[in-house]
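Asks: Here my numbering is used: the first residue of the sequence shown is 4, the next is one more, and so on. Dumping the structure here so I can ask a few things about it.
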Amino acid sequence: MQNISPEVAEVHWLLDMFQTVDVGLVVLTADYKIQVWNGFMENHSGLTPRQVRDRYLFDLFSEIDEDWLRRKCDPVILLKNRAFTIWEQRPFIFKFRNYRPITGVADYMYQNSTIFPITDLRGVVTHLCMIIYDVTDVATSRLELESMNGQLRQLSKTDFLTELNNRGTWEEALQNEFKRLKRSGHQGTLLMCDIDHFKRINDNYGHAAGDVVIRQVAQAVKKNLRETDVAGRYGGEEFAVLLVDTSADQALYFAERLRKTVEGLSMEFNQQLLKATVSVGIAEYKADMLEHRQWIEAADKALYTSKAEGRNRVTVADK
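Take a look at the structure:
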């Protein structure tokens, strides 16, 4: 049996490791022509080392942003420093399909990379080496966690039944608007809305029917909102709407439109049609109000007037 020298064996081991290591290894000339292409790159690109050798990187992979990559690599050549890219800034350098079953939710492989210089015996940088790391598992886990956290944050601000702002979120918005109005002197109007005879609906048809009515009224509120308005579920069957840069007279049109919309609803529950009306109170911001609670109290007082005068009507405070 022929003896193999330790030097030859070491080279063989290095070549074998180079081909089988689970990272991409690419060596480029200083003018970005591919010289070395390992097994990882071949497997994910479908291109053999023979097919890519001496090819201009940006001709072969048009998805690479040439200006961006050159800005990363040029300092490596000039300063002989390493450079790094991370998936958070740019998902990938090479647009490889993701075939890993664990992270099948990602269409493409997320990548980090290290780029370092290769010098000759005189210390002159002649080549660049790029190491490509597949970080799809880490990236997708992070993105899923961020998505879940975003959903939880949204849920913490939203009333589950109506999908409007919950009371805490809505009142925080009202406080911020109150402070803004104190500084600017602009107009703003608060609208409080309550479903009439709601207890009768619960008593006659059950709480599930009451939930149907609350959801439908909430939809009517949302349907009539402008982008700048802020609506929330203030209590069980009570809603609040902050109308930004709006006078009481302008708010009256909104309130009447809402009242008529609800009055015209026919809500079905267990093959029965349910009808409902709302009473509304309107209060415009006044400069002599010291805190936002006074604003709410003024709108509430107008709401109770609507209730006392027969319901299904709109009352403007101080009128």
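Where is the CB? At the ideal position from N, CA and C, for every residue including glycine.
Whose C-beta lies closer than 8 Å to the C-beta of residue 89 among residues of the same chain, with five residues either side of it excluded?
Replies: 115
Asks: Please classify residue 92 as buried or exposed, where buried requires at least 16 other C-beta atoms within 10 Å of its C-beta.
Replies: Of the other Cβ atoms in all chains shown, fewer than 16 fall within 10 Å of the Cβ of residue 92; this residue is therefore exposed.
Asks: To the nearest angstrom, how far is the alpha carbon of residue 315 from that of residue 266?
Replies: 8 Å
Asks: Between which residues of its own chain and residue 30 is the CB-CB distance below 6 Å, once the five residues before and five after are set aside?
Replies: 38, 39, 130 and 132
Asks: DSSP state of residue 249, grouped into three classes?
Replies: Residue 249 sits in coil when the DSSP states are folded into three classes, being neither helix nor strand.
Asks: Flag this pair as yes or no: are the beta carbons of residue 212 and residue 272 separated by less than 8 Å?
Replies: yes
Asks: To the nearest angstrom, report how far apart residue 194 and residue 246 are at their CA atoms.
Replies: Taking the straight line joining both Cα atoms gives about 8 Å.
Asks: Is the beta carbon of residue 82 within less than 7 Å of some heavy atom of the ligand PLP?
Replies: Here there are no bound small molecules, and the ligand PLP is not part of this structure.
Asks: Which whole runs of the alpha helix (DSSP H) in the region 234 to 290 are 4 residues long or more, in chain order?
Replies: Listed in chain order, the complete alpha helix (DSSP H) runs (minimum 4 residues) inside the region 234 to 290 are 251 to 266.
Asks: Please classify residue 295 as buried or exposed, where buried requires at least 16 neighbouring CB atoms within 10 angstroms.
Replies: buried
Asks: Near residue 99, which residues of its chain fall below 6 Å by C-beta distance, leaving aside the five closest residues on each side in sequence?
Replies: 47 and 112
Asks: Going by C-alpha distance, which of 293, 217, 210 and 160 is nearest residue 198?
Replies: Distance from the Cα of residue 198 is smallest, within the candidate group 293, 217, 210 and 160, for 217.
Asks: If I measure Cβ to Cβ from residue 303 and keep anything under 7 Å in the same chain, skipping five residues before and after, which residues do I get?
Replies: 195 and 284
Asks: What does the Cβ neighbour count give for residue 1, buried or exposed, with the cut at 16 atoms within 10 Å?
Replies: An answer regarding residue 1 cannot be provided, because it is not within the stretch 4 to 322 covered by the chain.
Asks: Keeping to the same chain, check which residues put their C-beta closer than 8 Å to that of residue 80; ignore five residues upstream and five downstream.
Replies: 33, 120, 128 and 131
Asks: Mark residue 122 as exposed unless 16 or more other C-beta atoms lie within 10 angstroms of its C-beta, in which case mark it buried.
Replies: exposed
Asks: Which term fits residue 95, buried or exposed, when burial requires 16 or more other beta carbons within 10 angstroms of its beta carbon?
Replies: buried
Asks: Between residue 250 and residue 190, which are expected to be in contact by the criterion C-beta below 8 Å, what is the C-beta distance as a whole number of angstroms?
Replies: 5 Å
Asks: Quick one: what does DSSP say residue 210 is sitting in, helix, strand or coil?
Replies: helix
Asks: Could you check if residue 235 is buried or exposed, using at least 16 other CB atoms within 10 Å of its CB as the buried criterion?
Replies: buried
Asks: Taking buried to mean at least 16 other C-beta atoms within 10 Å of its own C-beta, is residue 254 buried or exposed?
Replies: buried
Asks: Who are the near neighbours of residue 109 in its chain, counting only those whose CB is closer than 6 Å to its CB and skipping five residues on each side?
Replies: 101, 139 and 143
Asks: Nearest-angstrom Cα distance between residue 297 and residue 281?
Replies: 23 Å
Asks: If we define contact as Cβ-Cβ less than 8 Å, is residue 64 a contact residue for chain C?
Replies: Of the protein chains in this structure there is only one, and it is not chain C.
Asks: Would a C-beta distance cut-off of 8 Å place residue 57 and residue 36 closer than the cut-off?
Replies: yes
Asks: Spatial neighbours of residue 136 within its chain, please: C-beta separation below 6 Å, excluding the five flanking residues on both sides.
Replies: 26 and 115
Asks: So residue 276 and residue 270 are in contact, right, with Cβ under 8 Å, and what is the actual spacing, rounded?
Replies: 7 Å
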